[in-house]
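Participant: Below is one structure. I have some questions about it.
Numbering (the numbering used here), first residue to last: 163 to 412.
So this is what it looks like as structure tokens:
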């Protein structure tokens with residue numbers, strides 16, 4: 163139980179065998195091997211991931227009610243999209259989940275994220291690959307509210323938790339913005355990301371859920387800033403058809 167009185171459900175993390183399974187999948191990344199062990203995958207990774215997502219959703223009610231944590235929406239599929247990749251390995255070798263802002267598309271707006279692999283537990287969030295209208299909206303909000311933005315990404319709490327804001331950057335200022343304005347260096351960013359990497363053993367520990375919640379709570383000020391920027395972008399909001407069929411948002 164934390165100081166606010168919230169007590170998350172008992173969550174032991176992933177089973178000890180989960181990471182060795184992902185390691186074996188890395189060595190035998192083919193359909194024949196995986197299909198013979200699909201039930202094991204579901205027991206070691208898919209089902210525990212769903213339980214963790216439910217626990218995160220319960221915690222979101224306290225500190226991030228605008229975020230979605232749904233076992234039908236949050237998990238990423240284990241299957242890779244190989245259509246445009248030289249690597250034709252059919253399966254991912256990590257288990258991942260994303261927590262989008264309610265009312266925005268799963269991968270179009272800001273969100274929180276974590277994955278577990280044999281190498282690491284990665285947790286964090288932000289906005290990864292915004293399309294041009296969304297990126298423009300974020301830059302315009304930074305330019306209009308530079309002090310608010312700087313107080314977040316250069317604040318003591320953010321820097322202590324995550325270090326500097328991460329993401330690819332332009333070499334020069336984007337069109338329509340000045341290098342002389344406040345927070346100008348952040349206007350060159352093409353991504354707005356924060357996160358931390360932990361040892362893989364955290365994935366199988368009861369400390370996994372508290373660590374995720376601590377990370378997500380500390381990242382919410384930036385998520386909210388980004389949400390205000392992109393909330394009205396049509397490319398980041400679901401169409402009427404998608405609202406009628408939530409599965410299309412996955």
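All C-beta atoms, glycine included, are put in the ideal place defined by N, C-alpha and C.
Fair warning: this is a prediction, and the values are worked out from it, not measured in the lab.
Please list, in chain order, all residues of the same chain as residue 226 whose beta carbon is under 6 Å from its beta carbon, the five residues on each side excluded.
Facilitator: Contacts found: 382.
Participant: Contact between the region 250–257 and the region 327–340: three or more CB pairs below 8 Å?
Facilitator: The region 250–257 vs the region 327–340: no contact.
Participant: Should the region 296–314 be regarded as contacting the region 334–351, the criterion being three or more beta carbon pairs within less than 8 Å?
Facilitator: With a cut-off of 8 Å, the region 334–351 and the region 296–314 count as touching, because enough Cβ pairs lie within range.
Participant: Identify which residue in 185, 218 and 211 has its Cα closest to the Cα of residue 376.
Facilitator: When each option's Cα is compared against that of residue 376, the closest is 218.
Participant: Closest by CA to residue 173, which one among 192, 182, 191 and 211?
Facilitator: Taking only the C-alpha atoms, the option nearest residue 173 is 211.
Participant: Where residue 265 and residue 255 are concerned, what is the direct C-alpha to C-alpha distance, given to the nearest angstrom?
Facilitator: Spanning the two alpha carbons is a distance of roughly 30 Å.
Participant: Measure the Cβ-Cβ separation of residue 236 and residue 263 and say whether it is below 8 Å.
Facilitator: Result no, Cβ atoms of residue 236 and residue 263 do not sit closer than 8 Å.
Participant: Please specify which runs of the beta strand (DSSP E), each continuous and at least 3 residues long, are wholly inside the region 241–326, giving them in chain order.
Facilitator: As far as the region 241–326 is concerned, its whole beta strand (DSSP E) runs of at least 3 residues are 257–262, 273–278 and 283–289.
Participant: Pull up the CB-CB distance for residue 374 and residue 354, whole angstroms please, since I reckon it's below 8 Å.
Facilitator: Their Cβ separation, rounded to whole angstroms, is 20 Å, which puts residue 374 and residue 354 out of contact at 8 Å.
Participant: Do the CB positions of residue 311 and residue 222 come within less than 8 Å of each other?
Facilitator: In this structure, residue 222 does not lie closer than 8 Å to residue 311 by Cβ.
Participant: What is the DSSP secondary structure of residue 360, reduced to helix, strand or coil?
Facilitator: Three-state result, residue 360: strand.
Participant: Using a Cβ distance threshold of 8 Å, determine whether the region 356–374 contacts the region 274–294, with at least three qualifying pairs required.
Facilitator: Segments in contact, yes.
Participant: Whose C-alpha, out of 336, 322 and 314, is nearest the C-alpha of residue 384?
Facilitator: Cα-wise, what sits closest to residue 384 is 314.
Participant: Measuring only the C-alpha atoms, how far is residue 191 from residue 337?
Facilitator: So the alpha carbons of these two residues sit roughly 44 Å apart.
Participant: Residues in the same chain with beta-carbon distance under 7 Å from residue 292, minus the five sequence neighbours each way, listed in chain order, please.
Facilitator: Cβ within range, chain order: 300.
Participant: Could you check the C-alpha separation between residue 179 and residue 390 for me, to the nearest Å?
Facilitator: Rounded to whole angstroms, residue 179 to residue 390 spans 41 Å at the Cα level.
Participant: Cutting at 8 Å between CB atoms, please list the residues of its own chain near residue 339, excluding the five before and the five after it.
Facilitator: Contacts found: 301, 305, 346 and 349.
Participant: Once the 5 residues before and after residue 269 are set aside, which same chain residues still bring their CB inside 8 Å of it?
Facilitator: Excluding sequence neighbours, residue 269 sits near 260, 262, 290 and 291.
Participant: Return the Cβ separation of residue 356 and residue 324 in integer angstroms, given the expectation that the two are a contact with Cβ distance under 8 Å.
Facilitator: About 4 Å; that satisfies the 8 Å criterion.
Participant: Is DSSP giving residue 228 helix, strand or coil here?
Facilitator: Coil.
Participant: Could you give the distance in angstroms between the alpha-carbon of residue 288 and the alpha-carbon of residue 231?
Facilitator: Using only the alpha carbons, I get a separation of about 16 Å.
Participant: Under a three-way DSSP split, which group does residue 355 fall into?
Facilitator: In the structure shown, residue 355 sits in a strand (DSSP, three-state: E or B).
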